[in-house]
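These notes are about the structure you will find just below.
Residue numbers (the numbering used here): -19 to 213.
Right, dumping it as structure tokens:
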């Protein structure tokens, strides 16, 4: 009776949570194209800044090493002055950063729609992504890309909830099976204990019965022996 009483409210709650998770997944994933677009804008600004830094080093290389940045870095690093060596390291770091940011920008912006989110996760700069998140304002997607991501998010949210619910059911079934096995084991041990007690009682009663029969047989023989002299008399 209690199960029937709670069955329908639980079903209604399950349906509400099911749809809520699907909506949350759709809304969250629909923001991905807009967020990636804002991230690319910030990333482009960092690429421009890195290009300006490298351009300043290139100007120095044009005046000293015939335009070779590699020779300029070697010249700085071979110097005995600490400040010059530090400048060479700064030059190498700026060049590496420019190449890294340019590659990430190209990989993300040239990726197809279905793969752009994965490339973003692989090549995103955490610092730039955090800056983008701080200033990002959610919007309602109206393009095909946003709708595709929303549909994927709907399926992801629905699948996550169904997977979590299935895992809970499996865990509950496993607990119930273990409890049932424990009960069966306990009943088996109790039954074996009772059987052992019964067998022990029977084995203990047999000698007592045999002793009673011996006593009765001995008493009967003495009576007959006592009657013989009277007959002779």
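Note that the Cβ used here is the ideal one computed from N, Cα and C, for glycine as well.
| Item | Value |
| --- | --- |
| For residue -11, three-class secondary structure by DSSP | helix |
| Residue closest to residue 107, alpha-carbon to alpha-carbon, out of 14, 26 and -10 | 26 |
| Counted within 10 angstroms of its Cβ, other Cβ atoms place residue 37 as buried (16 or more) or exposed | buried |
| Endpoints, the alpha helix (DSSP H) within which residue 110 is located | 106 to 115 |
| 8 Å Cβ cutoff met for residue 10 and residue 92 | no |
| The stretch 46 to 54 / the stretch 138 to 157 touching (three or more Cβ pairs under 8 Å) | no |
| Inter-residue spacing [alpha-carbon to alpha-carbon] between residue 111 and residue 97 | 18 Å |
| Beta-carbon gap between residue 13 and residue 125 smaller than 8 Å | yes |
| Supposed close pair residue 84, residue 105 - CB separation, criterion 8 Å | 7 Å |
| Nearest-angstrom beta carbon gap, residue 81 and residue 23 [assumed within contact, 8 Å] | 7 Å |
| Residue closest to residue 19, alpha-carbon to alpha-carbon, out of -2, 3, -4 and 86 | 86 |
| At least three beta-carbon pairs within less than 8 Å, the stretch 133 to 140 to the stretch -7 to 3 | yes |
| Under 8 Å between C-beta atoms of residue -6 and residue 33 | no |
| Cα-Cα separation between residue 158 and residue 144, rounded to whole angstroms | 21 Å |
| Residue 45 in three-state terms, based on DSSP | coil |
| Residue environment, residue 88, which counts as buried when at least 16 other CB atoms sit within 10 Å | buried |
| Residues of its chain near residue -8, where Cβ-Cβ distance is below 8 Å and the 5 sequence neighbours each way are ignored | none |
| Beta-carbon contacts of residue 155 that lie in its chain and below 7 Å, excluding the five residues immediately before and after | none |
| Residue 92 in three-state terms, based on DSSP | coil |
| Residue environment, residue -3, which counts as buried when at least 16 other CB atoms sit within 10 Å | exposed |
| Buried or exposed by the 16-neighbour rule on C-beta atoms within 10 Å, applied to residue 46 | exposed |
| Spatial distance of residue 56 from residue 64 (CA atoms) | 5 Å |
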